[in-house]
Each structure stands twice: as structure tokens, then as C-alpha cells.
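K.L.:
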Amino acid sequence: MAFRQRVKQKMAENLLSQALLILSHSPEGSYRLLAKGFDKIAVTEQHKMIASWLCNWVAEGNPGAPWLSRVLRGLHPNVRKNYIAKTIVDIFFRNPEAFAKYKQEYGFRPPSVMMISPTMRCNYSCEGCYAANYTRDDDLPPELFDRVLNEAKELTTRFCVVLGGEPFIYKPLLDIFERHRDVPFQVYTNGSLIDEKMANRLAKLGNVAPQISIEGFREETDARRGRGAFDRAMKAMDNLRQAGCIFAFSAMVNRGNADVLTSDEFIDLMIEKGCLYGWYFLYMPIGDKADLAAMPTPEQRNQLRVAGKHFRETRPILIADFWNDAPLTAGCISGGRSYFHINHKGDVEPCIFVHFATDNIKEVPLVEALNSPFFKGLRRMQPFCYNTLRPCPIIDHPKLIRMAIQRYGACPTHEGAESLLTGEIADGLDRYAQGVKELFDPIWDREYAQWAEKWTAGMDFPEGRVETRKAGYQLTRDKAKAPITR
């Protein structure tokens, strides 16, 4: 069964790759052909809604039409084959038999994404970052990286996000990309090491999408990352665009740069440089240098939400907002529900921001770590709230993450991580969460509740059951009161 499914997936990848190649030579009316293709492969209600929105967005005269033209004409053929085609097929063709097998055997559905930080070293010394404390001896051994990639693929998890530190400082990285050509990799990088030679190699590989970290324009970026950081990021984008790579921007929103990052001028620059999509993340007060005053206010979070909708409606770029887009994923996706994180020491963490763990891949297989009591408990609690505009257990429901960490005996994975649990940071997060609730609950009732009820109908949650109600979906009584025990 598994072999037949892999053959079907490979055939779908080849067919889609060939279709994109043909369309690149004659892109007129290409959105109609894409619409027909998506209509045939979309099975679930969510897939059909995604396909319908995307095909309408890229139709002639709509904002996404220039975006589709850039995909078809501007990307290297290997990128269309090894990244675009594989990612689309992974979304629409993940093996349902494997899902059923692992859910029956282990009680959970395999996650879609693995995040891994093979090194915490960096060539920058950004404000508030502790990467300078690490050496090459702290890096994840490459054979361990290979092992967990292979174990993830056995679980049908074939999309890998690479973080750091600065990932391209990790010397084995490009060889790992080469050995795992069947995996699309998304790499978060400051871009300083992406010269023309590097960009051309990434284009030839085709399975790597760099995400260039940026804080805004030159003033904002250099203030945090050092003089010249903005210009190096812009040069990296130029090199990637000229080589035919797919790439994106990655912007961390804080209290000081929210206005810049939500401006038309910023997004137009990212489009001009060739970004096909972009990620927005909120500043998170974690670690021993956490700063509550740097967090964007609830009002700025809403400003980001509104800006993201505006950009999608008016610009040829796909915007992803890690918090405000949580209604699309029915809330938090951590703890192996849809993704997890492995740090440079091998600790398996619920997400990139929750620096606590009970298992390490040096000691247990990946499947065992994903099915730990800690991860199972977090999945059983999800979604943490019916209003998934407030998805995050750290900044929206901090009492829940503290309870889970303490009940399951999860240990901090670096010095300072425990600041999340007590004292000034914990008290500040409780106050922040209350402010977010007061602002976002009326927005949910007014703009999202009815839509979310349709969107989540039939959605398969890893643990427990979710029912829909007038105000959106929320936990059943039994699930909400389920005790957290070892």
C-alpha cells in the first residue's frame, strides 16, 4: 500500500512538473488549466476552498496574475519540479492510509512539517540574540540530521524548515539538501552568505526556498542586525531572483517596526525584489533577554491582520501571518499536531518558541518523541480556544502552557527558558493575553465565526473531537475538562 501511494505521488509530481513546464512556454489562460487540475485532485472541503481561492486570485486581471507569471517564467525548471510540484503534491496527496495506520498504532496523525535548527551559531550579533554563545562543537551531527529526515519521511512528513542561528554557517547543509532531493526545504537566513555561486547552486538543487530575515527598511534592519545587514539582504534577494530561486521575506514584528512592516512601501519593495511570498512573526519574549516592552500591542496585532488582508487583495504576493492566519489551521499547530521543532542538541520541542522538552532524538526514535505524554497532552488541549485569532499557548493562553510544562515535567532546553514560568515575564504575559482577548473576541464574532464553522467542518484533529457552534468551533465539555496526567 505504502509503495503504491509513493508511486502515485511521484506520478503526480512528474505530471504537475511537466504541466508547469508547458505553461511556462505558453502562460496565457494558464489559471484555467490550473483550476481544472486542482478541481480533480482536491478532495477535502479545505482543499477545495484553497484551490478555489488560489485559482481566482491568479486569474487574469486579479492581483495574483503577475505572481503566476513570475512562477511560470521566472523560476528555474528545477525549482518548479523539486519545490513547487513536490509541495503542492504533499498538500493534496499525503497518504491517507499512512494517516490511518499511525493513528491506529500511535494515536496521532503524522505532522506535515518538521522544523530543525542544526546550529545556533551565527555570523551576526543581533540585539537580544544569544547565538554568539555557541561554537561548532554545539552543532547537530550531520548523521543525526540525516537520520531524523529519514524517520520523518517514514512518517510521510516530507517538508522541512531549517532554522538557526544562521543555517548556511552549518557546512554539511547543502550536502544534506543534495542527499534528500525528495524533501522541500524552507531555510530562514539573514542572507549574508547567499552570493551568486550559492544562489546558482540552490537553483540547480531546486528543493530549497530561502526566507530572508528583515526588520523593515535599512534603518530598522541595521538597528537590530548591524550596519550593512539590509544591503546584504537586498543583494541576496537579487542573487536569488537572477538565479531563478523561489524565496520569501521573513519579518519579525515588534512594537517599534509595526508601522513600517505593514506599509504599502515595504510590501512593494519585497515584490520588486522578487519575493513570491512573505512571513510575519510576532516578537516573542522568551529566553533570558526577553523584553515585554518589545511585544507588539494587541492593536498592532490587529493592524497586521488588516494589512495582510489588504496585501492579499491588492498585491501579487502571498502573505502568511503566523498568528492572524491561525483560523486557517484551526488554531495552534504545535506539539506534532502539524509541526514540531528539533534543536541543535536533539531536543524535540513543541514549537520553535516553546523551549521545553521531555525527549531527545539521540535517545529515542522520532515517532516515540512525537507520541510523548507531553506532546499528547498538548494535542489533547488543542485548539486552546474557540477563537483561533488567539491561538498561541505562550502569549494568548500562558497559564495553559505553564500547566502543561509543569504537569509533564518538561525541562528547559537552554538557560533562561524558565523565565516563561514565573515572575515578571509570566505576569506580563497574563496581562497581555487579557488585552488580546478583549480586542479579538468581538472581531472573531463579527468576522470569523460563521466562516470558521464551515472551514473546520470535518477537520481531523489529532486528539479528541471538535464540534461547531454559532460562535465558531470550541471544545466539547469532555475534552475541555480532560485531566492532564502523565
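Every position in the sequence shown, counted from 1, becomes a number in my numbering once 721 is added. C-beta atoms are modelled at their ideal positions from N, C-alpha and C, and glycine is treated no differently. Please read these numbers as outputs of a predicted model, since none were measured by experiment.
Looking only at DSSP bridge pairs, what is N1081 linked to?
P.N.:
D1068
K.L.:
What are the partner residues of V1075, as DSSP defines its beta bridges?
P.N.:
Per DSSP, C1072.
K.L.:
Would N1081 pass as a contact of G1067 if the rule is Cβ separation under 7 Å?
P.N.:
yes
K.L.:
Are A1051 and P1104 closer than 7 Å when you measure CB to CB?
P.N.:
yes
K.L.:
Quick check on S913: buried or exposed, where buried means 16 or more other Cβ atoms within 10 Å of its Cβ?
P.N.:
buried
K.L.:
Please state whether DSSP places M1005 in a helix, a strand or coil.
P.N.:
coil
K.L.:
Reducing DSSP to helix, strand and coil, say where S971 ends up.
P.N.:
In this structure, S971 counts as strand in the three-state DSSP scheme.
K.L.:
Can you name, in chain order, every residue of its own chain whose Cβ lies under 6 Å from the Cβ of P893, other than the five neighbours on each side?
P.N.:
Around P893, the same chain offers P863 as residues with beta carbons nearer than 6 Å, after the five sequence neighbours per side are excluded.
K.L.:
Run through DSSP, which three-state label would I809 get?
P.N.:
helix
K.L.:
Just checking Y1153 against the ligand ADP - is the residue's beta carbon closer than 6 Å to any of the ligand's heavy atoms?
P.N.:
The ligand ADP is not among the ligands present in this structure, which contains no ligands whatsoever.
K.L.:
If you count every other CB in all the chains shown that lies within 10 Å of the CB of R879, and 16 or more means buried, which is it?
P.N.:
Flag for R879 reads buried.
K.L.:
At the level of alpha carbons, what is the spacing between Y1107 and R1022?
P.N.:
One alpha carbon belongs to Y1107, the other to R1022, and they sit about 18 Å apart.
K.L.:
Flag this pair as touching only if the segment 899-917 and the segment 1127-1146 have three or more C-beta atom pairs under 8 Å; answer yes or no.
P.N.:
no
K.L.:
Would F898 pass as a contact of L926 if the rule is Cβ separation under 7 Å?
P.N.:
yes
K.L.:
Is H1065 near S838, with beta carbons less than 7 Å apart?
P.N.:
yes
K.L.:
Tell me the rounded alpha-carbon separation between V792 and W778.
P.N.:
14 Å
K.L.:
Could you give the distance in angstroms between the alpha-carbon of N921 and the alpha-carbon of F968?
P.N.:
If you take the alpha carbons of N921 and F968, they lie about 13 Å apart.
K.L.:
In angstroms, rounded to a whole number, what distance separates the CA positions of A819 and E875?
P.N.:
9 Å
K.L.:
Would you report the Cα separation of P1086 and Y1001, rounded to the nearest angstrom?
P.N.:
32 Å
K.L.:
In or out: K994 buried (at least 16 other Cβ within 10 Å) or exposed?
P.N.:
That one is buried.
K.L.:
I need the DSSP call for V800, collapsed to helix, strand or coil.
P.N.:
helix
K.L.:
Please classify R794 as buried or exposed, where buried requires at least 16 neighbouring CB atoms within 10 angstroms.
P.N.:
exposed
K.L.:
With a cut-off of 8 Å on the beta carbons, I'd call V1075 and S1055 a contact; round off their distance for me.
P.N.:
7 Å
K.L.:
Where does P1163 land, buried or exposed, given buried means 16+ other C-beta within 10 angstroms?
P.N.:
So P1163 ends up on the exposed side.
K.L.:
By how many angstroms is the C-alpha of G1057 removed from the C-alpha of G1185?
P.N.:
Because the pLDDT of G1185 is 46, which lies under 50, any placement of that residue in the model is unreliable, and the number read from its coordinates should be weighed accordingly. Distance between the alpha carbons of G1185 and G1057: 15 Å.
K.L.:
Relative to the C-alpha of V869, which residue among V883, D985, R857 and H797 is closest?
P.N.:
V883
K.L.:
Can you tell me whether Q1103 is helix, strand or coil according to DSSP?
P.N.:
coil
K.L.:
Give the list of continuous alpha helix (DSSP H) stretches no shorter than 4 residues that lie fully inside the segment 874-905.
P.N.:
894-900
K.L.:
N928 and R902: beta carbons closer than 7 Å?
P.N.:
For the 7 Å CB-CB criterion, N928 and R902 form a contact.
K.L.:
Using the Cα positions of K824 and Q907, report the straight-line distance between them to the nearest angstrom.
P.N.:
27 Å
K.L.:
Going along the chain, which residues of its own chain have a beta-carbon closer than 6 Å to the beta-carbon of N960, five neighbours each way excluded?
P.N.:
I915, E917 and A920
K.L.:
Quick check on P839: does DSSP put it in helix, strand or coil?
P.N.:
coil
K.L.:
Which residues in the same chain as G1149 place their Cβ atom closer than 7 Å to its Cβ, once the five residues preceding and following it in sequence are excluded?
P.N.:
L1013
K.L.:
Expressed to the nearest angstrom, what Euclidean distance is found between the alpha-carbon atoms of A873 and S833?
P.N.:
One alpha carbon belongs to A873, the other to S833, and they sit about 9 Å apart.
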